[in-house]
Structure formats: C-alpha cells, structure tokens
Amino acid sequence: MSSSDVDPARGVYGISVAADLVGMDPQSLRLYERRGLLEPARTGGGTRRYSGDDLARLHRIGYLLAAGLNLAGIARVLELETENARLRADLERTQAADLAPTPHPPRRRSTD
Numbered sequence: 002m003s004s005s006d007v008d009p010a011r012g013v014y015g016i017s018v019a020a021d022l023v024g025m026d027p028q029s030l031r032l033y034e035r036r037g038l039l040e041p042a043r044t045g046g047g048t049r050r051y052s053g054d055d056l057a058r059l060h061r062i063g064y065l066l067a068a069g070l071n072l073a074g075i076a077r078v079l080e081l082e083t084e085n086a087r088l089r090a091d092l093e094r095t096q097a098a099d100l101a102p103t104p105h106p107p108r109r110r111s112t113d
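The numbers in this note's numbering rise by one with no breaks, and the one at position 29 of the sequence shown is 30.
Printed below as a string of structure tokens:
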C-alpha cells in the first residue's frame with residue numbers, strides 16, 4: 002500500500018508525532034481540542050489518533066495564529082470555511098442535476 006492509498010481522514014498519528022509533523026507542541030494540540038478546533042479520533046483506550054485531515058487543519062490553525070487571530074476567531078473562520086465547503090458541494094450537485102440530460106418523449110413522425 003502506497004502513501005497515496007492512505008485515507009486522509011483515518012487517524013494514524015499519535016499526539017507526539019502529529020505535533021512534530023506540524024511544528025507544534027503536544028500541549029497546543031490538547032488545547033485546540035479542548036477549544037473545539039479539532040476532534041482527533043480515539044482508540045478504544047482513549048489515545049488520540051490524528052489523521053492527515055487533522056494535520057492539514059492544524060497547519061491552518063498555525064497559519065491563522067501567525068496572522069494574528071485568537072482562538073475564538075480561528076474557531077469562527079474554521080466554522081465558516083466548513084459551511085462554505087458544504088454550500089459549494091450543494092451548489093455543484095444542484096448544477097450537475099440541472100445540466101443532466103432530461104429524457105424527451107420520442108418524436109411523432111408525420112404521416113403526410
């Protein structure tokens with residue numbers, strides 16, 4: 002299985018590895034979880050498992066922090082981005098349905 006076959010939503014990284022990969026400390030990841038900025042998967046024993054999607058979100062959080070936003074502002078930005086993505090997907094589905102060919106009844110041949 003190549004790395005391109007890994008589901009980006011599947012939690013595979015422990016907190017220390019995830020923190021290293023995004024250049025943050027584990028305590029920051031715990032804080033972001035407490036503040037509702039991300040929700041990593043948990044093993045049966047309760048250990049956090051971060052996915053590729055979680056890492057992308059952590060990079061986004063880091064970018065927004067560097068841009069000067071506080072955690073409440075970041076939470077709002079992430080919420081709006083998620084809503085925007087949902088609305089775009091809805092629009093694309095609607096447009097695809099509008100463009101889908103509609104069946105036409107067979108033409109009647111004139112008997113002239």
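Glycine included, every Cβ here is placed at the ideal spot set by N, Cα and C.
### Message
According to DSSP, simplified to helix, strand and coil, what is A42?
### Response
On the sequence shown, residue 42 is found 41 positions in, with the first residue counted as 1. If DSSP states are grouped into helix, strand and coil, A42 belongs with the strands.
(Q) Taking 6 Å as the limit between beta carbons, can you name the residues of its chain near R110, skipping five residues before and five after? (A) Position 109 of the sequence shown, counted from the first residue, corresponds to residue 110. Within the same chain, R110 has no close Cβ partners at all.
Query - Same chain, Cβ closer than 7 Å to L100, five either side skipped, listed in chain order - result: The residue you call residue 100 lines up with position 99 of the sequence shown. If we look at L100 and ignore the five residues flanking it on each side, it has no Cβ neighbours.
Fill in: DSSP three-state assignment for R89, whether helix, strand or coil
Here residue 89 is taken as the residue at index 88 of the sequence shown, counted from 1. DSSP places R89 in helix when its eight states are reduced to three.
Practice item. State the start and end residues of the unbroken alpha helix (DSSP H) segment that holds A10. Key: If you number the sequence shown from 1, residue 10 lands on position 9. First-last for A10: undefined, no H or E at that position.
State yes or no: is the C-beta of I75 within less than 8 Å of the C-beta of L81? As a first step, residue 75 must be located in the sequence shown, where it is residue number 74. As a first step, residue 81 must be located in the sequence shown, where it is residue number 80. The answer is no: Cβ separation not under 8 Å.
### Message
Using 8 Å for Cβ pairs, my map puts P19 next to Y51. What's the rounded Cβ distance?
### Response
Start at 1 with the first residue of the sequence shown, and residue 19 comes out as number 18. Start at 1 with the first residue of the sequence shown, and residue 51 comes out as number 50. Reading off the sequence shown, one finds Ala at residue 19, where the question assumed Pro. Between Y51 and A19 the Cβ distance is about 4 Å, and since that is below 8 Å, they are a contact.
Requested in this report: Use the C-beta contact count for Y33: other C-beta atoms within 10 angstroms, 16 or more gives buried, fewer gives exposed.
Outcome: Sequence index remark: in the sequence shown, residue 33 carries index 32 (1-based). Buried, since its Cβ has 16 or more Cβ neighbours within 10 Å.
inquiry  = Between L30, D26, R43, which has its C-alpha nearest V13's C-alpha?
reply    = Taking the first residue of the sequence shown as 1, we reach residue 13 at position 12. Residue R43 is the option with its Cα nearest to V13.
Query raised in the report: Are P41 and R35 close, meaning C-beta to C-beta below 8 Å?
Result: If you number the sequence shown from 1, residue 41 lands on position 40. If you number the sequence shown from 1, residue 35 lands on position 34. Going by C-beta atoms, P41 is not nearer than 8 Å to R35.
ask   = To which residues does DSSP link Y64 through a beta bridge?
value = Taking the first residue of the sequence shown as position 1, residue 64 is located at position 63. Answer is none; Y64 lacks a bridge partner.
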